[in-house]
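K.L.:
Let me give you the structure first, and then I'll get to my questions.
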Amino acid sequence: TLSLIALHPSSSMAACTTTNGASHKIPGRVGDGPIPGSGSYVDSTVGGCGATGDGDIMMRFLPCYQAVESLRRGLTPQQAADDAVRRILARYPDAKTGVVVVDNRGEHAAAASGWEFSYSYRSGGMERTEVVRVKSL
Amino acid sequence: SPLPLIVNTWSGPFTSATDAAFLSLANSSNALDAVQAGCQACQNNQCDHTVGFGGSPDESCETTLDALIIDGETLNAGAVANLRRVKDAIGVARHVLDYTQHTLLAGEQATQFALENGFEEESLSTKDSLKTCYGWRKNHCQPNYRLNVHPDPFSSCGPYSPLLSSISSTTTSATSSISQPHSSSSNSQQSSHD
């Protein structure tokens with residue numbers, strides 16, 4: 001699953017998710033990817049979020065809506081990402097999750113569980129994309 | 138200033154999406170166009186075979202696509218789910234955003250919407266995705282998302298029929314069903330994910 005967030009110099013933001021879902025799913029099954037607040041979410045007044053993982057579980061928690069609302073309440077991107085993942089782990093300790101959060105000033109961070117998650121970013125002045133490895137909570 | 142900024146899940150082949158979206162922003166397009174460009178790059182590149190055509194076949198060996206795009210200025214969103222036989226899922230989602238008052242279209246009707254909007258109909262299967270699916274069937278359909286059915290989904294392929302006694306025991310307690318899920322997470326052999 002790809003979830004991607006853009007922050008324009010004008011401070012406008014957008015987000016997207018695209019995926020072919022989980023292998024060997026039951027025909028008709030839809031995961032978290034196309035669900036607003038689950039696969040991704042963004043509000044230019046606060047920030048955005050992208051997520052990946054066990055979609056059948058993650059879509060029950062709307063982790064990206066939760067993370068963006070946490071930014072609105074004053075949490076940092078790292079705190080917001082950690083909180084979103086911990087809410088899932090409290091119910092599903094073995095869940096594979098990856099949540100990356102960006103605030104509207106360009107600060108970004110991620111949290112994960114169940115695997116080694118990574119995310120990529122590129123900002124003004126960078127000649128190439130950088131990768132951040134994220135340890136599981 | 139760190140702006141413009143692109144951030145996305147994963148690395149490796151997924152950096153093609155980062156670069157495509159960044160270059161789109163650098164060329165003065167808006168944030169919405171930039172994320173669409175990033176998602177389309179990964180769809181075309183079949184990033185990690187978890188994005189785009191030719192990956193994650195279902196039990197019937199069909200690849201279907203899900204996509205979502207959100208405008209952070211207006212909170213307008215467009216999405217498609219279980220999109221069949223159309224490769225550019227994020228493009229169709231953008232059309233849902235731009236040309237409808239809805240948020241999410243699904244299944245065969247989402248495909249029909251895409252065709253009405255000029256998208257091409259084509260198979261999403263590849264030799265690799267079919268090989269994956271045939272291998273899964275040869276391996277007794279493991280891993281498997283079915284539950285409370287006969288024959289045992291953790292050792293046998295279908296067709297399946299429900300075990301009525303199991304259904305009543307798992308649906309009478311909402312608390313137990315969420316704290317001890319009988320889902321992919323409880324199956325140690327399950328390696329698939331979104």
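So the sequence lines, in the order shown, correspond to chains A and B. Residue 18 in this note's numbering sits at position 18 of the first sequence, and the numbers go up by one each step. Residue 186 in this note's numbering sits at position 49 of the second sequence, and the numbers go up by one each step. Yeah, the Cβ is synthetic: ideal placement off N, Cα and C, and Gly gets one too.
So is A:Asp103 in contact with chain B if we call contact Cβ pairs under 7 Å?
P.N.:
False, the Cβ-Cβ gap to chain B never drops below 7 Å.
K.L.:
Would B:Thr237 count as contacting chain A if we go by Cβ distances under 7 Å?
P.N.:
It does not; no Cβ of chain A falls within 7 Å.
K.L.:
Within 10 angstroms of its Cβ, does B:Leu202 collect 16 or more other Cβ (buried), or is it exposed?
P.N.:
Buried, by the Cβ-count rule.
K.L.:
With a CB to CB cut of under 6 Å and the five nearest residues on each side skipped, what residues in its chain are close to B:Ala157?
P.N.:
Only Ala174, Gly175 and Ala178 meet the Cβ criterion.
K.L.:
Determine the chain B residues that contact A:Lys96 at a beta-carbon separation under 7 Å, and present them in chain order.
P.N.:
Correct list: His330.
K.L.:
Does B:Ser298 come out as helix, strand or coil in the three-state DSSP assignment?
P.N.:
Strand, per DSSP.
K.L.:
When you compare only the Cα positions, how much space is there between A:Thr17 and B:Cys198?
P.N.:
Taking the straight line joining both Cα atoms gives about 23 Å.
K.L.:
Using a threshold of 6 Å, is the CB atom of A:Asp94 nearer than that to any non-hydrogen atom of the ligand MN?
P.N.:
Ligands displayed in this structure: none; no statement on the ligand MN is therefore possible.
K.L.:
Mind listing the chain D neighbours of B:Asn145? Cutoff is C-beta to C-beta under 8 Å, in chain order.
P.N.:
Among the protein chains in the structure shown, which are A and B, there is no chain D.
K.L.:
If you run the structure through DSSP and keep just helix, strand and coil, what is A:Ala22?
P.N.:
It is coil, neither helix nor strand.
K.L.:
Ordered along the chain, which non-local residues of its own chain (more than five positions away) have a Cβ less than 8 Å from that of A:Asp43?
P.N.:
Only Met13, Val68 and Arg72 meet the Cβ criterion.
K.L.:
Hey, is B:Phe159's beta-carbon within less than 7 Å of any beta-carbon in chain A?
P.N.:
Taking Cβ atoms only, chain A reaches closer than 7 Å to B:Phe159, which makes this a yes.
K.L.:
Thinking C-beta only, is B:Thr248 closer than 7 Å to B:Asn191?
P.N.:
A small fix is needed here, since residue 191 of chain B is Gly in this sequence, not Asn. In this structure, B:Thr248 does not lie closer than 7 Å to B:Gly191 by Cβ.
K.L.:
Have a look at A:Ala15 and B:Arg221 and give me their C-alpha separation to the nearest angstrom.
P.N.:
Taking the straight line from one Cα to the other gives about 23 Å.
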